[in-house]
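Throughout, the numbering used here is defined as the position within the sequence shown, counted from one, plus 574.
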Amino acid sequence: MRASRRLFLLLLPALLLFSSCSRRGEEHTVTFFAMDTVMGVSVFGPDGQEAARAVQAELQSLEKLLSVTDAGSEIYAANHSGGAAVEVSEQTAGLLSRALELCESTDGALDVTIYPVVKAWGFTTGEHRVPSEEELSGLLERVDYARVQLDAQTLSVPAGTELDLGAVAKGYAGDRAAALLRARGVESARLELGGNVHVLGAKPDGSPWRVAVRDPDGEGYAGVVEVTDRAVVTSGGYERYFEEGGVVYWHIIDPRTGRPARSGLRSVTVVAPSGLLADALSTALFVMGPEEAAACWRSRQDFDFILLKEDGTAAVTEGLADSFTLSGDWAGRALEVVRRD
Ligand code: FAD
Ligand code: MG
Numbered sequence: 575m576r577a578s579r580r581l582f583l584l585l586l587p588a589l590l591l592f593s594s595c596s597r598r599g600e601e602h603t604v605t606f607f608a609m610d611t612v613m614g615v616s617v618f619g620p621d622g623q624e625a626a627r628a629v630q631a632e633l634q635s636l637e638k639l640l641s642v643t644d645a646g647s648e649i650y651a652a653n654h655s656g657g658a659a660v661e662v663s664e665q666t667a668g669l670l671s672r673a674l675e676l677c678e679s680t681d682g683a684l685d686v687t688i689y690p691v692v693k694a695w696g697f698t699t700g701e702h703r704v705p706s707e708e709e710l711s712g713l714l715e716r717v718d719y720a721r722v723q724l725d726a727q728t729l730s731v732p733a734g735t736e737l738d739l740g741a742v743a744k745g746y747a748g749d750r751a752a753a754l755l756r757a758r759g760v761e762s763a764r765l766e767l768g769g770n771v772h773v774l775g776a777k778p779d780g781s782p783w784r785v786a787v788r789d790p791d792g793e794g795y796a797g798v799v800e801v802t803d804r805a806v807v808t809s810g811g812y813e814r815y816f817e818e819g820g821v822v823y824w825h826i827i828d829p830r831t832g833r834p835a836r837s838g839l840r841s842v843t844v845v846a847p848s849g850l851l852a853d854a855l856s857t858a859l860f861v862m863g864p865e866e867a868a869a870c871w872r873s874r875q876d877f878d879f880i881l882l883k884e885d886g887t888a889a890v891t892e893g894l895a896d897s898f899t900l901s902g903d904w905a906g907r908a909l910e911v912v913r914r915d
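Shown next as structure tokens:
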């Protein structure tokens with residue numbers, strides 16, 4: 575049993591207090607386990623209880639479509655078809671086509687076919703090991719997002735290649751949830767999907783939501799960002815990792831080497847209107863490192879980032895300069911503002 579699932583079961587009695595949709599004022603919260611993580615949905619306003627339950631159902635049905643390990647999922651069917659084309663739902667096709675575009679536009683720093691390498695390191699089972707160079711170079715021959723063919727809703731994954739949307743699916747799930755809530759007339763909600771936070775509108779009192787960024791070196795927070803109507807997604811090397819021979823190996827892999835990405839970063843937080851974009855880019859920028867991340871940001875207009883670096887300093891793009899503050903052990907440390915010119 576994975577540690578995260580064990581923790582969830584341990585916390586279950588406390589969580590149940592909330593999962594029955596507590597009604598505090600007009601806040602309705604549902605907490606549940608999906609996509610191997612604890613998810614919390616807080617909806618404000620009348621009919622919030624029903625809306626929160628609808629989000630739960632939506633996220634659980636998405637998991638069934640997208641899970642790489644569930645033998646009933648569409649991704650599993652594509653990975654195990656021996657290269658034959660399979661038909662997928664509109665949702666899977668929509669997510670995948672945008673994910674493939676992001677693989678392309680990040681020059682392969684994001685690669686949704688990295689799964690064979692992730693498996694070899696044991697991140698999927700918890701049986702961690704350090705693969706040899708030879709094994710990694712053999713596996714990397716099977717990794718290339720460009721080999722995945724998607725034509726409308728017809729998907730072909732060549733034999734030997736394996737698709738895994740783990741780096742983008744929670745972000746997409748946030749987008750789906752936000753759209754569903756908006757369609758129900760909800761104006762204020764906060765979704766916590768593992769490390770991803772997605773907020774709808776402002777807080778009920780009209781002030782921005784305050785979203786904390788985890789301290790990668792401890793239990794507390796390194797900073798707080800104030801946002802409305804945004805996804806705030808963090809990728810870091812401190813959540814899923816193992817240590818061997820004094821070296822720490824984490825789950826974000828550089829597709830060029832097949833090894834954990836070591837680019838001088840401890841974590842990357844991306845703030846964007848789109849959860850899918852924020853999730854894809856938080857993983858990709860972690861692979862790229864600070865300079866390439868800044869160049870990627872300058873080349874687009876649709877996101878901002880917060881970098882916590884291995885040298886103990888931080889950087890933030892100018893769009894967040896006034897809304898992000900360092901706190902806890904990071905308070906008072908150097909905070910570079912990355913600008914467009
Ligand atoms: P992110 O940075 O967003 O993504 C990192 C993850 O993406 C890695 O864990 C790896 O799987 C993959 N990855 C690593 N490097 C790259 C790269 N360069 N490009 C693209 N992808 C990369 N976990 C379980 O243990 N058991 C489960 O049954 C399970 N079911 C899941 C079902 C769904 C639908 C989803 C979305 C996730 C599930 N997970 C499960 C978790 C999943 O395996 C990842 O560990 C998780 O999504 C990592 O997300 P993150 O936010 O921590 O990191
Ligand atoms: Mg991601």
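Just so it is clear, CB atoms sit at the ideal spot from N, CA and C, and this is done for glycine as well.
- When the beta-carbon positions are compared, residue 850 and residue 689 stay at least 8 Å from each other.
- Residue 723 and residue 638 have their alpha carbons spaced roughly 22 Å apart.
- Listed in chain order, the non-local C-beta contacts of residue 622 below 6 Å within the same chain comprise 602, local neighbours out to five positions each way being set aside.
- DSSP places residue 627 in the uninterrupted alpha helix (DSSP H) bounded by 622-640.
- Not one heavy atom of the ligand MG lies closer than 7 Å to the C-beta of residue 835.
- Residue 915 counts as exposed, since fewer than 16 other C-beta atoms from the protein chains shown sit within 10 angstroms of its C-beta.
- Counted as a single uninterrupted DSSP element, the beta strand (DSSP E) harbouring residue 891 occupies residues 888-891.
- Below 8 Å, enough C-beta pairs join the region 840-847 and the region 873-883 to call them touching: three or more.
- In this structure, 772 is the residue among 772, 744, 674 and 743 with its C-alpha nearest to the C-alpha of residue 752.
- Proximity of the region 755-774 to the region 800-808 meets the contact definition, three or more beta-carbon pairs being nearer than 8 Å.
- With a contact defined as Cβ atoms closer than 8 Å, residue 735 and residue 687 qualify at about 5 Å.
- Annotation: the region 845-886 contains the following complete segments of the alpha helix (DSSP H) (minimum length 4 residues), in chain order: 849-862 and 864-872.
- The beta carbon of residue 716 sits closer than 8 Å to the beta carbons of 687, 690, 734, 735 and 736 from its chain, once the five residues preceding and following it are set aside; these are given in chain order.
- Rounded to whole angstroms, residue 714 and residue 811 show a C-alpha spacing of 21 Å.
- Closer than 7 Å to some heavy atom of the ligand MG: that does not describe the Cβ of residue 878.
- By the Cβ rule, the region 622-634 does not count as touching the region 792-799, because fewer than three pairs are nearer than 8 Å.
- Under the DSSP definition of a beta bridge, residue 770 partners with 767 and 807.
- Inter-residue distance for residue 624 and residue 755 is about 10 Å (C-alpha atoms, whole angstroms).
- Annotated three-state conformation of residue 894 is helix, per DSSP.
- For residue 910, the uninterrupted beta strand (DSSP E) run begins and ends at 909-912, by DSSP.
- Distances from the alpha-carbon of residue 707 to those of 853, 833 and 910 put 833 closest.
- Looking at the DSSP output, residue 823 bridges to 816.
- The Cβ atoms of residue 604 and residue 630 sit closer than 8 Å to each other.
- Residue 784 carries a strand assignment under DSSP once its states are collapsed to helix, strand and coil.
- In this model, residue 869 and residue 700 are separated by some 35 Å (Cα to Cα).
- One thing to note: residue 741 has its Cβ within 8 Å of the Cβ of residue 853.
- Put simply, of 656, 886, 875 and 748 the residue whose alpha carbon is nearest the alpha carbon of residue 790 is 886.
- Relative to the Cα of residue 866, the nearest Cα in the group 845, 658, 764 and 679 belongs to 679.
- Short of 7 Å from the beta carbon of residue 855, and not among the five residues preceding or following it, lie these beta carbons of its own chain, in chain order: 844 and 877.
- Distances taken from the Cβ of residue 825 to the heavy atoms of the ligand FAD include one shorter than 7 Å.
- Annotation: the continuous beta strand (DSSP E) that includes residue 725 extends over 723-725.
- C-alpha of residue 732 to C-alpha of residue 777: approximately 47 Å in a straight line.
- In this structure, the C-beta of residue 771 stays at least 7 Å away from each heavy atom of the ligand MG.
- Taken in chain order, the complete alpha helix (DSSP H) segments of 4 or more residues contained in the region 629-701 are 648-653, 664-679 and 689-694.
- When distances are taken from the beta-carbon of residue 687 to the heavy atoms of the ligand MG, even the shortest one reaches 7 Å or more.
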